[in-house]
Amino acid sequence: GAFLSGRLKVEHHMRPLNIVQEWLSLVPPPGDAIPTVVRAKRKPDGRIEWLRAFDGKHFVASTWTVADDGAPISEEFGPLEFAQSLEITMAADVGERAVLCHTSSKLFGSIPFPTALMGVHCEMDVHRDGAGYDLRVSVLLMSLPLVSYTGALRCHDPGPAGAKGWGMQRSR
Numbered sequence: 003g004a005f006l007s008g009r010l011k012v013e014h015h016m017r018p019l020n021i022v023q024e025w026l027s028l029v030p031p032p033g034d035a036i037p038t039v040v041r042a043k044r045k046p047d048g049r050i051e052w053l054r055a056f057d058g059k060h061f062v063a064s065t066w067t068v069a070d071d072g073a074p075i076s077e078e079f080g081p082l083e084f085a086q087s088l089e090i091t092m093a094a095d096v097g098e099r100a101v102l103c104h105t106s107s108k109l110f111g112s113i114p115f116p117t118a119l120m121g122v123h124c125e126m127d128v129h130r131d132g133a134g135y136d137l138r139v140s141v142l143l144m145s146l147p148l149v150s151y152t153g154a155l156r157c158h159d160p161g162p163a164g165a166k167g168w169g170m171q172r173s174r
């Protein structure tokens, strides 16, 4: 499967809640330049499972449902499912930018869950060589930052259906 690595800055913005999340292994501890490894593998049903390790410790995996072109349709974290759309733009300062736009949420696969209560914002600026990206992810609670991840990831193996990135696939 896909294999990416790099160093990410992890920030906790609501420390009392983050301590509980950390204890439950839902988020890594905060830090600058944390060694990060991301692996993706295609499941028999066609979805892609993303496994993340920060500083050698594994955290909650997520599963993406993807369209035929590899663009993500939704991402599941435990009982939450975030529907999302992909917007690819050209930014003068960096080139290609992929933004995952959180459009709706469900709890346990069928119960609508307000996006204003919990949301995700993800941006990736694709490196000019197409083999990595600068990542910015914010998890929001009531529209306020809960935890964020920023930094560069490089692809060492494209994995399932070019999982190194729909954006990176197009830049070549």
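To get our numbering, take the position in the sequence shown, counting from 1, and add 2. Heads up, the beta-carbon is just placed ideally off N, CA and C, and yes, glycines get one too. All values derive from a computational prediction rather than experimental measurement.
Can you tell me whether residue 9 is helix, strand or coil according to DSSP? DSSP, read as helix, strand or coil, puts residue 9 in strand.
Per DSSP, what are the beta-bridge partners of residue 51 in this structure? Paired residue(s): 43, 65.
Give me whichever residues DSSP pairs with residue 139 in a beta bridge. In DSSP, residue 139 forms a bridge with 124, 151.
Exposed or buried, what is residue 74 when buried is set at 16 or more other beta-carbons lying within 10 Å of its beta-carbon? In this structure residue 74 is buried. Its beta-carbon is surrounded by 16 or more other beta-carbon atoms within 10 angstroms.
Does residue 19 come out as helix, strand or coil in the three-state DSSP assignment? Of the three classes helix, strand and coil, the one that applies to residue 19 here is helix, per DSSP.
So, are the CB atoms of residue 89 and residue 101 less than 8 Å apart? Yes, they are a contact pair.
Excluding sequence positions up to five away, which residues of its chain have a Cβ less than 8 Å from the Cβ of residue 20? Here the set comprises 14, 29, 32, 148, 149.
What's the call for residue 167, buried or exposed, on a 16-neighbour Cβ count within 10 Å? With a pLDDT of only 47 at residue 167, under the threshold of 50, the placement of this residue in the model should not be trusted, and no figure is reported.
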